[in-house]
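S.K.:
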Amino acid sequence: MQNVFKAAVVVFVAAAAVFFILGNNDGVFISVVLACLSFFLIVRFQVKGRLAEREKEREAELLAEAGTAPDFTGLETEEGEKLEREL
Numbered sequence: 199m200q201n202v203f204k205a206a207v208v209v210f211v212a213a214a215a216v217f218f219i220l221g222n223n224d225g226v227f228i229s230v231v232l233a234c235l236s237f238f239l240i241v242r243f244q245v246k247g248r249l250a251e252r253e254k255e256r257e258a259e260l261l262a263e264a265g266t267a268p269d270f271t272g273l274e275t276e277e278g279e280k281l282e283r284e285l
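Per this note's numbering, the very first residue in the sequence shown carries number 199; after that it's consecutive.
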């Protein structure tokens with residue numbers, strides 16, 4: 199999903215450059231706003247992934263202290279599926 203937004207950032211920045219050359223200030227503004235929106239969506243997905251990973255690590259540590267094996271079933275992220283396959 200992040201790659202889609204990265205591609206969108208590139209397209210919107212290129213469109214902004216074209217609009218700037220053509221002298222269309224409204225087009226420049228809209229393209230830059232959409233590029234910023236796409237960039238911040240990339241950041242949001244990265245932060246969301248990091249928080250999910252940190253929560254899984256915390257849960258695994260708590261379960262390890264309790265003496266039970268972690269259960270990664272039901273996790274919706276790719277990392278959870280990788281961890282489940284490794285067990």
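Note that CB positions come from ideal geometry on N, CA and C, so glycine has one too.
1) Tell me, please, whether the region 228-245 touches the region 204-216 by the rule of three or more beta-carbon pairs shorter than 8 Å.
2) Which residues in the same chain have their Cβ closer than 7 Å to the Cβ of M199, if we skip the five residues on either side of it in sequence?
3) Starting from G247 and walking both ways along the alpha helix (DSSP H), at which residues does that stretch end?
4) Where F203 and L235 are concerned, what is the direct C-alpha to C-alpha distance, given to the nearest angstrom?
M.R.: Taking the coordinates as given:
1) yes
2) Here residue 199 refers to the residue found at position 1 when the sequence shown is read from its first residue. Excluding sequence neighbours, M199 sits near F243.
3) Numbered from 1 along the sequence shown, position 49 holds the residue referred to as residue 247. Start and end: 223-264.
4) In the sequence shown, residue 203 corresponds to position 5, counting from 1. In the sequence shown, residue 235 corresponds to position 37, counting from 1. For F203 and L235, the distance between alpha carbons rounds to 9 Å.
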